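J.: Residue numbers (the working numbering): 400 to 486.
Every residue gets a Cβ at the ideal spot worked out from N, C-alpha and C, and that includes glycine.
All values reported here derive from a predicted model rather than from experimental measurement.
Got a structure for you, written out below as structure tokens; questions coming shortly.
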């Protein structure tokens with residue numbers, strides 16, 4: 400029991416010594432740019448300008464919802480109308 404306690408304590412001491420890291424490096428200070436601006440007027444993009452093709456969308460018939468929501472007797476007529484007009 401004493402031997403295992405000694406081994407575990409040595410292991411934890413080694414871990415603590417290693418966690419401190421090498422000495423002499425000091426703190427690392429990162430410096431970032433305080434202000435940076437981009438002139439988008441002088442920005443050049445290489446490539447071809449391509450117009451999009453036909454982007455038409457066909458209108459579909461509205462689907463009718465068949466849910467059990469409308470079967471309740473305590474719904475107001477306005478709520479029924481709103482549920483039918485959902486898209």
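Could you compute how far the alpha carbon of residue 454 sits from the alpha carbon of residue 446?
T.: Walking along the chain shown from the start, residue 454 turns up at place 55. Walking along the chain shown from the start, residue 446 turns up at place 47. Cα to Cα, residue 454 sits roughly 22 Å from residue 446.
J.: Under 7 Å Cβ to Cβ from residue 463, same chain only, skipping five residues before and after it: list those, please.
T.: Working through the chain shown from its first residue, we reach residue 463 at position 64. So the list is empty, once near-sequence residues are dropped.
J.: What is the rounded straight-line gap between the Cα of residue 400 and the Cα of residue 407?
T.: Start at 1 with the first residue of the chain shown, and residue 400 comes out as number 1. Start at 1 with the first residue of the chain shown, and residue 407 comes out as number 8. If you take the alpha carbons of residue 400 and residue 407, they lie about 11 Å apart.
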